Amino acid sequence: MKRPLQMKTQEPDFTELYTKAFPAVAAFVAKMGGDMDLARDIFQDALIIYYEQVFTAGQKPERSPEAYLYGISRHLWHRETRTASRHTPLQDAPKVTEESEQPSAHKLMLLLQTAGQKCLDLLQGFYYQKQSIQEIQQEFGYSSVRSATVQKFKCLEKVRSEVQQKSLQYEDFLA
Numbered sequence: 005m006k007r008p009l010q011m012k013t014q015e016p017d018f019t020e021l022y023t024k025a026f027p028a029v030a031a032f033v034a035k036m037g038g039d040m041d042l043a044r045d046i047f048q049d050a051l052i053i054y055y056e057q058v059f060t061a062g063q064k065p066e067r068s069p070e071a072y073l074y075g076i077s078r079h080l081w082h083r084e085t086r087t088a089s090r091h092t093p094l095q096d097a098p099k100v101t102e103e104s105e106q107p108s109a110h111k112l113m114l115l116l117q118t119a120g121q122k123c124l125d126l127l128q129g130f131y132y133q134k135q136s137i138q139e140i141q142q143e144f145g146y147s148s149v150r151s152a153t154v155q156k157f158k159c160l161e162k163v164r165s166e167v168q169q170k171s172l173q174y175e176d177f178l179a
């Protein structure tokens with residue numbers, strides 16, 4: 005009577021894996037701006053994934069266990085930084101008040117006036133008074149809607165070039 009073959013899986017020596025693979029992972033995390041605690045957390049997670057994939061699921065790593073752990077750790081690091089970049093702790097978030105985020109109307113007007121009075125009137129009509137391009141065409145006497153659109157674009161380009169020449173930023177317009 006034949007006995008079924010039992011697959012012997014050798015349990016990993018975590019101490020050996022830790023001493024061989026952790027220094028490379030710690031160096032990588034430090035190089036990428038992380039600290040030792042984060043390196044330990046990532047490596048512990050990598051060890052668990054390694055154990056689950058190799059000894060529970062039966063997958064064989066194509067490379068050495070150290071290289072496999074290093075690859076898992078790199079992947080976990082990138083996922084950690086991607087997730088962390090999406091979430092800013094509330095205490096680190098900048099304090100926003102209504103008045104601090106309102107652009108200064110006076111500073112904006114000075115900039116718009118550099119494009120000329122006709123451009124100022126056109127842009128005010130379109131953006132502040134919410135006039136349609138057809139209304140602007142009629143009010144300013146353009147021959148077609150296309151002409152009004154082109155003129156609006158030219159006015160915007162004048163303002164943009166002025167902003168670029170003066171190297172202005174959004175913060176320059178805050179009161």
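According to this note's numbering, the sequence shown holds residues 5 to 179 in order.
The beta-carbon is built from N, C-alpha and C at its ideal position, and this holds for glycine as well.
Remember, it's a predicted structure, so these values are computed and weren't measured experimentally.
Does DSSP put residue i in a helix, in a strand, or in coil?
{"i": "T19", "result": "helix"}
{"i": "G75", "result": "helix"}
{"i": "Q141", "result": "helix"}
{"i": "Y146", "result": "coil"}
{"i": "T85", "result": "helix"}
{"i": "K24", "result": "helix"}
Looking at C-alpha atoms only, which residue of the options is the closest neighbour of residue i?
{"i": "I53", "options": "A34, V167, H79 and Q135", "result": "H79"}
{"i": "M40", "options": "W81, P65, L21 and Q142", "result": "W81"}
{"i": "Q155", "options": "P65, L124 and F59", "result": "L124"}
{"i": "C159", "options": "G145, S148 and Q128", "result": "Q128"}
{"i": "R164", "options": "E143, R86, L115 and M36", "result": "L115"}
{"i": "P27", "options": "M36, S151 and A43", "result": "A43"}
{"i": "K122", "options": "V149, V29, F144 and Y132", "result": "F144"}
{"i": "T19", "options": "E166, E84, S148 and E70", "result": "E70"}
{"i": "R83", "options": "M36, E66, F59 and A61", "result": "M36"}
Under a Cβ-count criterion, where at least 16 other Cβ atoms within 10 Å of its own Cβ denotes burial, should residue i be classed as buried or exposed?
{"i": "K170", "result": "exposed"}
{"i": "E161", "result": "exposed"}
{"i": "L126", "result": "buried"}
{"i": "Q141", "result": "buried"}
{"i": "V33", "result": "buried"}
{"i": "A50", "result": "buried"}
{"i": "Y146", "result": "buried"}
{"i": "A30", "result": "buried"}
{"i": "F59", "result": "exposed"}
{"i": "F157", "result": "exposed"}
{"i": "S104", "result": "At S104, the pLDDT of 48 sits below 50, so the modelled position is not reliable and the matter cannot be decided from this model."}
{"i": "Y72", "result": "buried"}
Note the first and the last residue of the continuous alpha helix (DSSP H) segment covering residue i.
{"i": "S136", "result": "Segment: none, S136 is in no alpha helix (DSSP H) and carries neither H nor E."}
{"i": "E166", "result": "V149 to Q169"}
{"i": "Y55", "result": "M40 to Y55"}
{"i": "Q63", "result": "Careful: Q63 lies outside any alpha helix (DSSP H) and carries neither H nor E."}
{"i": "Q121", "result": "Q121 to L127"}
Can you give the beta carbon distance from residue i to residue j, rounded, assuming they're within the 8 Å contact cut?
{"i": "F47", "j": "S77", "result": "6 Å"}
{"i": "I137", "j": "T153", "result": "6 Å"}
{"i": "Y2", "j": "A25", "result": "The requested residue 2 is not part of the displayed model; the chain covers only 5 to 179."}
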